[in-house]
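Numbering (this note's numbering), first residue to last: 23 to 156.
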């Protein structure tokens, strides 16, 4: 007898939840139509309760997975993941020191320094002599 009451109670709550979700879907569809002029062509009253509830569960799980990936920093999308051994170093003074990134070093090396303006014996600079030659 107790199992029948529990089964009836869960069905009643599922119908109530499904009804609320249908109302939200209908209002969202009306909002899309008025705001953007897009008719999605959905009639939430035609779908059974289990489809509405399962679709809602899938959407919530996708949102949970996306938020988890955003919080974790999406480690699967990184090309070069940071090694955890560096982060767990026993020597705190060496772990805190970071070597410059190679890209920064390359940029510093590739910067061409302007030629020094050295006064020549004739009174002109090296740059002026180069201009005269060309």
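Heads up, the beta-carbon is just placed ideally off N, CA and C, and yes, glycines get one too.
Quick caveat: nothing in here was measured; it's all calculated off a predicted structure.
Rounding to the nearest angstrom, what Cα-Cα distance links residue 76 and residue 29 in this structure? By one-based count along the chain shown, residue 76 stands at place 54. By one-based count along the chain shown, residue 29 stands at place 7. Rounded to the nearest whole angstrom, the CA to CA distance from residue 76 to residue 29 is 18 Å.
With a threshold of 7 Å on Cβ separation, who are the neighbours of residue 37 within its own chain once the five nearest residues in sequence on each side are excluded? Taking the first residue of the chain shown as position 1, residue 37 is located at position 15. These residues qualify, in order along the chain: 71.
Using the beta-carbon count (16 or more within 10 Å), is residue 49 buried or exposed? If you number the chain shown from 1, residue 49 lands on position 27. Exposed is the call here.
How far does the alpha helix (DSSP H) with residue 60 in it extend, from its first residue to its last? In the chain shown, residue 60 corresponds to position 38, counting from 1. First-last for residue 60: undefined, no H or E at that position.
What number of angstroms, rounded off, separates the C-alpha of residue 33 from the C-alpha of residue 46? Taking the chain shown and counting its residues from 1, the one referred to as residue 33 is at position 11. Taking the chain shown and counting its residues from 1, the one referred to as residue 46 is at position 24. Rounded to the nearest angstrom, the two C-alpha atoms are 20 Å apart.
So residue 67 and residue 44 are supposed to be a Cβ contact under 8 Å. How far apart are they, rounded? Counting from one through the chain shown, the residue named residue 67 turns up at place 45. Counting from one through the chain shown, the residue named residue 44 turns up at place 22. Distance from residue 67 to residue 44 at the Cβ level is roughly 6 Å; contact confirmed, criterion being Cβ atoms closer than 8 Å.
Neighbourhood of residue 78 by C-beta, 6 Å cutoff - its chain only, sequence neighbours within 5 removed: Your numbering for residue 78 matches position 56 in the chain shown. 43.
Span separating the alpha-carbon of residue 89 from that of residue 81: As a first step, residue 89 is located in the chain shown; it is residue number 67 there, counting from the start. As a first step, residue 81 is located in the chain shown; it is residue number 59 there, counting from the start. The straight-line gap from Cα to Cα measures roughly 12 Å.
How many Å lie between residue 61 and residue 87 at the Cα? Translated into positions along the chain shown, residue 61 becomes position 39. Translated into positions along the chain shown, residue 87 becomes position 65. Rounded to whole angstroms, residue 61 to residue 87 spans 29 Å at the Cα level.
Pull up the distance between the alpha-carbon of residue 57 and that of residue 51, whole angstroms please. For the purposes of this step, residue 57 is taken as residue 35 along the chain shown, with counting starting at 1. For the purposes of this step, residue 51 is taken as residue 29 along the chain shown, with counting starting at 1. Distance between the alpha carbons of residue 57 and residue 51 is about 10 Å.
Distance between beta carbons of residue 74 and residue 40, contact taken as under 8 Å: By one-based count along the chain shown, residue 40 stands at place 18. By one-based count along the chain shown, residue 74 stands at place 52. Residue 74 and residue 40 do touch by the CB rule: their CB atoms are close to 5 Å apart, below 8 Å.
Can you give me the C-alpha to C-alpha distance between residue 65 and residue 54, rounded to a whole angstrom? Position 43 of the chain shown, counted from the first residue, corresponds to residue 65. Position 32 of the chain shown, counted from the first residue, corresponds to residue 54. Approximately 14 Å between the Cα atoms of the pair.
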